[in-house]
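In the working numbering, the protein residues as written are 1077 to 1557.
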């Protein structure tokens, strides 16, 4: 297999994992909620059953079933809950066990939780331990909900098998155990037989009782009515779950088709790439030659707009004159003077990060002075900055952009600036609320110039990302040194 195809498969597998990860986390969360619901509700049910009937369980077999379900759901809750919380280990019986996040363990606990609840539901559908004779009225409710749950946690095939089992038990209970025409009249078998016989013979007392029940809407419910209702509910639940999961799975199944199409595109583009390789080499050589020239020209153009030395000397004169009478104004002029001095340094390629940070602090202080210190700005620097070198005005351009387009006069929405350095990288992050009023039009020339300078200095060794919506703007620049 060619290296291009291997790389393509790795890329598509990574994409598949990114697509399935949110779905898998939702599945795990749903399973934990199921486990937690059973663990919390079961003790309440047992206590209420004890108070009502004098027994914790209405039938001995159900006691064993509830125990199995409880253990399975407790194990699943502890494991999956810890995984969701990001824990690496869990303490069991005083000993700490590592959480391997093994796929086989995931599948085992998931199936154990759901299958044990299905086993309990089968007991209910058969009326095991139900003190009432009309178990069909309520005991198919859990089975009905498990159709959707099994589709989401175990897959469509498991949901289909459970659907067939529930449907079979519904037919058995309705047609075999009771009979399709059976009515729940809440009489003893002897009384029921006598009453049904009297109705068939149209005896006056039976007809009168039947009419009185009908007048008060107390007609005995029939198995046929419950069968018809549950049949509709069960079928609708199955088709909803089955075809919903089909849509979800089809999204992931399309990946192999996309793989083949991209392979064909690779074969087609390979010939074009070989033809362009020579031109790329020539363009790369020219780009390297122009790299230094471009940086020098851009900074010279920036500085040549005014006579910087004249302005710097004038600012110093203003500072001396105002420092005694207007100290606040004097400090503002001094900061502006430092900004001008920073812009006139001779090193046009790289500057010390400390100098860039000092520039930003002066820049922010001047804006605070203009706005009477009513701006809310959260500026934090972490890491060693003294030995880090960057192109001049890179971070400053992003800060200026935030002041130009942002709104930072609300305490709940400050301008956030973060600079963090490590041994191998420099990270800059800025976030601000957009100014909806008097928003200046932007042609993105400054941003384009910034990216071009980064390409020339850090080709392949930086990343720049922008996230924005109608109200918020944020950007992150990471430089790998």
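For every residue, glycine included, the Cβ atom is placed at its ideal position computed from N, Cα and C.
Check	Outcome
Pick out whichever of 1478, 1494, 1137 has its Cα sitting closest to the Cα of residue 1503.	1494
Report yes or no: do three or more beta-carbon pairs, one from the segment 1269–1284 and one from the segment 1234–1249, lie closer than 8 angstroms?	no
According to DSSP, residue 1507 sits in a beta bridge with which residue or residues?	1492, 1550
Determine whether the beta carbon atoms of residue 1303 and residue 1256 lie at a separation below 8 angstroms.	yes
When DSSP labels each residue in this structure, what does residue 1455 get in the three-state scheme?	strand
For residue 1382, is the classification buried or exposed, using 16 other Cβ atoms within 10 angstroms of its Cβ as the cut-off for buried?	In this predicted model, residue 1382 has a pLDDT of only 47, less than 50, meaning its place in the structure is not dependable; the value taken from the coordinates is given anyway. So residue 1382 ends up on the exposed side.
With distances taken between CB atoms, is the gap from residue 1482 to residue 1491 smaller than 8 angstroms?	yes
Can we count residue 1511 as close to the ligand PLP, meaning its CB is less than 7 angstroms from some heavy atom?	What this structure holds is no ligand at all, so the ligand PLP is not there to describe.
Measure the alpha-carbon distance for residue 1141 versus residue 1132 and round it to whole angstroms.	13 angstroms
Which residue from 1219, 1430, 1160 puts its Cα closest to that of residue 1307?	1219
Would you mind working out which of 1201, 1184, 1345 sits nearest residue 1152, comparing C-alpha positions?	1184
Identify whether residue 1497 lies in helix, strand or coil by the three-state DSSP scheme.	strand
Can you give me the start and stop residues for the beta strand (DSSP E) that residue 1539 sits inside?	1538–1544
Look at residue 1434 and residue 1464 and say whether their C-beta atoms are less than 8 angstroms apart.	no
When DSSP builds the beta bridges, which residues end up paired with residue 1465?	1428
Based on DSSP bridge pairs, tell me the residues matched to residue 1556.	1501
To the nearest angstrom, how far is it from the Cα of residue 1229 to the Cα of residue 1188?	11 angstroms
Whose CA, out of 1109, 1180, 1532, lies closest to the CA of residue 1365?	1532
Which residues bound the alpha helix (DSSP H) around residue 1475?	1470–1481
Answer with buried or exposed for residue 1215, where buried requires no fewer than 16 other C-beta atoms within 10 angstroms of its C-beta.	buried
Quick test of your reading: residue 1222 and residue 1194, contact by CB under 8 angstroms. State the CB separation rounded to the nearest angstrom.	6 angstroms
Check each candidate in 1112, 1526, 1426, 1191 and name the one with the smallest Cα separation from residue 1477.	1526
Could you compute how far the alpha carbon of residue 1500 sits from the alpha carbon of residue 1467?	16 angstroms
Keeping to the same chain, check which residues put their C-beta closer than 8 angstroms to that of residue 1285; ignore five residues upstream and five downstream.	1271
Measuring straight from C-alpha to C-alpha, what distance separates residue 1179 and residue 1113?	24 angstroms
Once the 5 residues before and after residue 1457 are set aside, which same chain residues still bring their CB inside 7 angstroms of it?	1433, 1495
State the start and end residues of the unbroken alpha helix (DSSP H) segment that holds residue 1162.	That residue, residue 1162, is in no alpha helix (DSSP H); it is neither H nor E in DSSP.
Thinking C-alpha only, which one of 1251, 1557, 1556, 1138 is nearest residue 1121?	1138
Within the continuous alpha helix (DSSP H) that includes residue 1288, where are the two ends?	1280–1291
Based on the DSSP secondary-structure assignment, which residues constitute the bridge partners of residue 1529?	According to DSSP, which records beta bridges pairwise, residue 1529 is partnered with nothing at all.
How big is the Cα-Cα spacing for residue 1362 and residue 1487?	50 angstroms
Which one of 1232, 1276, 1281, 1200 has the shortest CA to CA distance from residue 1245?	1200
Just grab the DSSP bridge partners of residue 1232 for me.	Note: residue 1232 sits in no beta bridge, so no partner.
Under the rule that 16 or more other beta-carbon atoms within 10 Å means buried, what is residue 1186, buried or exposed?	buried
Determine the contact status of residue 1310 and residue 1243, defining contact as a CB-CB distance below 8 angstroms.	yes
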